[in-house]
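In what follows, a structure is listed as structure tokens, so that the remarks can point back to it.
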Amino acid sequence: MSRDTNVYKNPEVFNPDRFTPREEGGDGEPFLVGPFGFGRRICVGRHIAQASVWIFIATVISTLDVSKPLGPDGKEIEQKVKFSTGLSSHPDKFDVCFKPRSEKAAQMLLDAQGGKE
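Letter 36 of the sequence shown, counting from 1, is numbered 36 in UniProt numbering, and no numbers are missing.
Right under this line is the structure:
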């Protein structure tokens with residue numbers, strides 16, 4: 001279903017913009033819910049999975065500054081992000097720098113994982 005060329009233009013190409021509405025500059029293709037299955041065999045835990053990912057992303061955005069890594073000279077390292085191909089497409093390994101926005105944010109993250117670093 002997710003590779004139907006009648007529904008998706010170039011379904012084999014990783015293009016997250018395909019799901020952005022046309023009025024926002026995207027392709028306006030229908031959002032795929034395929035990772036959770038279809039019909040009567042749809043994943044019963046899909047809502048928990050989506051909520052967990054949302055909470056994780058919201059936590060990262062609200063508590064951490066995410067930036068490019070710094071080289072020995074203190075300048076940002078420019079990286080070319082590449083994507084894998086195959087059954088699922090995801091970014092290949094790349095470096096990133098996470099820094100707590102404050103001591104309070106750092107403590108909150110520690111508390112959330114049981115106080116262990």
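Backbone N, C-alpha and C fix where the C-beta goes; we use that ideal spot for every residue, glycine too. Everything numeric in this text was worked out from a predicted model, so none of it was measured.
Helix, strand or coil, according to DSSP, for residue i in the structure here?
| i | result |
| --- | --- |
| residue 4 | coil |
| residue 12 | coil |
| residue 27 | coil |
| residue 39 | helix |
| residue 44 | coil |
| residue 20 | coil |
Which one or two residues does DSSP pair with residue i in a beta bridge?
| i | result |
| --- | --- |
| residue 66 | 98 |
| residue 91 | 83 |
| residue 76 | 70 |
Just to confirm the assignment, what range does the alpha helix (DSSP H) spanning residue i have?
| i | result |
| --- | --- |
| residue 111 | 103 to 112 |
Does any CB atom of chain B fall closer than 8 Å to the CB of residue i?
| i | result |
| --- | --- |
| residue 54 | Here there is only one protein chain, and chain B is not present. |
Practice item. Would you check if the segment 62 to 78 and the segment 89 to 101 touch, i.e. whether three or more CB-CB distances between them fall below 8 Å? Key: yes
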